[in-house]
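Student:
Residue numbers (our numbering): 136 to 610.
1. Taking residue 309 and residue 242 to be in contact with their CB atoms under 8 angstroms, please state how far apart those CB atoms are, rounded to whole angstroms.
2. Go ahead and label residue 438 buried or exposed: buried means 16 or more other beta carbons lie within 10 angstroms of its beta carbon, across all protein chains shown.
3. According to DSSP, is residue 509 helix, strand or coil?
4. With DSSP as the reference, please indicate the residues paired to residue 278 in a beta bridge.
5. Candidates 288, 234, 430, 547: which alpha carbon is nearest residue 338's?
6. State the DSSP-derived secondary structure class of residue 188, mapped to helix, strand or coil.
7. In whole angstroms, what is the alpha-carbon distance linking residue 448 and residue 467?
8. Under 8 angstroms by Cβ, that's how I've got residue 529 and residue 368 pegged, so tell me the actual separation to the nearest angstrom.
9. According to the neighbour-count rule (16 or more other Cβ atoms, all chains shown, within 10 Å of its Cβ), is residue 386 buried or exposed?
10. Would the beta-carbon of residue 279 fall within 8 angstroms of that of residue 304?
11. Which residue marks the beginning of the alpha helix (DSSP H) containing residue 226, and which one marks its end?
12. The beta strand (DSSP E) with residue 255 in it runs from where to where?
13. Is the separation between the beta-carbon of residue 517 and that of residue 489 shorter than 8 angstroms?
14. Tell me where the beta strand (DSSP E) around residue 233 begins and ends.
15. Can you check the stretch 351-413 for any alpha helix (DSSP H) of at least 4 residues that lies completely inside it and give the ranges in chain order?
16. How many Å lie between residue 290 and residue 268 at the Cα?
17. What do you get for residue 259, buried or exposed, if any count of 16 or more other CB atoms within 10 angstroms of its CB means buried?
18. In terms of residue numbering, what span does the beta strand (DSSP E) encompassing residue 332 cover?
19. Quick check: what's the CA-CA separation for residue 186 versus residue 356?
20. Beta carbon of residue 548, beta carbon of residue 576: below 8 angstroms?
21. If we ignore side chains and look at the alpha-carbon of each, how far apart do residue 354 and residue 342 end up?
22. Please list the terminal residues of the continuous alpha helix (DSSP H) segment that includes residue 172.
23. Quick one: Cα of residue 161 to Cα of residue 525, how far?
24. Could you tell me the boundaries of the beta strand (DSSP E) in which residue 340 lies?
25. Do residue 567 and residue 578 count as a contact pair if the criterion is CB distance below 8 angstroms?
26. Here's a check: name, in chain order, each residue in its chain whose Cβ is nearer than 6 angstroms to the Cβ of residue 401, leaving out the five neighbours to either side.
27. Quick check on residue 430: does DSSP put it in helix, strand or coil?
28. To the nearest angstrom, how far is the alpha carbon of residue 216 from that of residue 561?
29. Under the three-state reduction of DSSP, which class applies to residue 558: helix, strand or coil?
30. For a test of the three-state rule: what should DSSP assign to residue 542, helix, strand or coil?
31. Can you name, in chain order, every residue of its own chain whose Cβ lies under 6 angstroms from the Cβ of residue 349, other than the five neighbours on each side?
32. How far does the beta strand (DSSP E) with residue 522 in it extend, from its first residue to its last?
33. With hydrogens ignored, establish whether the beta-carbon of residue 178 is closer than 7 angstroms to any heavy atom of the ligand NAD.
34. Distance, Cα to Cα, residue 605 vs residue 246?
35. On the three-state DSSP scale, how would you describe residue 273?
36. In the structure shown, what three-state DSSP assignment does residue 467 receive?
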């Protein structure tokens, strides 16, 4: 039973959700939502309106160390053996359980009548988080300390964070000249809830005792910080969870500010370089905050019992005395201090080469991700290149490298295929479809397609879809 509990403990660490790589959406400029991954992307829209709740829906979940199939497959191997070999002995503190979702509530963009500025604004709901495998905590629980004399268990192995928030945004996209397009987006964050424990440090060690068999030392500084959790728990108890989430998401929670930056630069007629910096910002948590700390240094050799005096004394409570002594030196406290959380900042860069010039289609703008004919540049039917993605994580930057190929069929359909290498998979093949039926734009993007043959054996899954209404027009 203890081992089953540990499995669910590890999975729980990853149930908050974390910021995802959107390599299929990035630089797929026939889709309005590409402006959210690069505010400096090229646009050919006169205006667009996302269908609320349907214009941008995405989710991602990943485990870098183990899959459900590794533990629960009917392969004739005893579960206890699989638990030790595939979870305990294989996973390290670099392994994570993470995921994210994002739901657009409103997304609108329009071209200025008086300049070459393109404006976009809206709001989306997002949940993200991450939990790293707490290796030394698990080893201490599974093996105990009696047979591990002198081993220092690292208390810094516990690193996890998660949140839910609404993001209000307003962006400006400007074509500087035939070669350069730039953009900036301001963001107002309204946090619904947050939890984090990423600044833990210290150790626990057991040595031979002088007055008893063993001596145990705890020297640590542990923190667990939360905001909005108590409000959510109270709302769940009285049946008002919907109203509470709505209120906190509509500027009634903790607030923060952020910025996105991006540009597109044409090196020559067929070669394009893009880059973006996303979620450079913070949230200041001031209301409904509750934090828990455990800080100090204590060494104990357990209970010293003198026989037969201790047995003959009915008022002796050696265990309680030991607990009282430890709590005096090593207090477990809670406080309500405000704190700042910085957003997981993301960086994208891509280099694309286009070829296969084709004639203009039947719409006015010759729109699409592989053409910018409105600006006097040739329209291409093919494009290929590479994209680099990086995100700031509690254990340092995490990167992904993607090779992609794009194909356009007239003015009604665009395709994008990707191959991505990251810590989750070396065989991540993705595919994206963008359809234009008159003013109606529909896109579907899916990652790690090879894993769909056996979802339980997959360590990563990602899916995006959207529905927009678009009006094309020359810039």
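C-beta: ideal position from N, C-alpha, C; glycine also.
Tutor: Looking at the coordinates:
1. Contact doesn't hold; Cβ gap of about 19 angstroms is too wide.
2. Annotation note: pLDDT 44 at residue 438 (below 50); position unreliable, coordinate value reported separately. Per the 10 Å Cβ criterion, exposed.
3. Any reading at residue 509 needs caution, since the residue's pLDDT is 45, under 50, leaving its predicted position unreliable; the model's value is listed next. Residue state, collapsed to three classes: helix.
4. Residue 278 pairs with nothing; no bridge assigned.
5. Of 288, 234, 430, 547, the residue nearest in Cα terms is 288.
6. The answer is coil: DSSP assigns residue 188 none of H, G, I, E or B.
7. Unreliable placement is indicated for residue 448, whose pLDDT of 49 sits below 50; no coordinate value is reported for it.
8. With 8 angstroms as the limit, residue 529 and residue 368 do not qualify as a contact, their Cβ atoms being about 25 angstroms apart.
9. exposed
10. no
11. Note, residue 226: premise wrong, no alpha helix (DSSP H); not H, not E.
12. Residue 255 -> beta strand (DSSP E) spans 252-267.
13. yes
14. 231-246
15. 364-373, 376-382
16. If you take the alpha carbons of residue 290 and residue 268, they lie about 12 angstroms apart.
17. buried
18. It spans 315-332 - the beta strand (DSSP E) in which residue 332 sits, taken as one unbroken run.
19. Answer to the nearest angstrom: the Cα atoms are 48 angstroms apart.
20. no
21. Their backbone Cα atoms lie some 14 angstroms apart in a straight line.
22. 169-172
23. 13 angstroms
24. In the DSSP annotation of this structure, the continuous segment of the beta strand (DSSP E) that includes residue 340 starts and ends at 336-343.
25. yes
26. Hits under 6 angstroms: 314, 407.
27. strand
28. 27 angstroms
29. coil
30. strand
31. 341
32. 515-526
33. Ligands in the displayed structure: none, and consequently the ligand NAD is not present.
34. 12 angstroms
35. helix
36. strand
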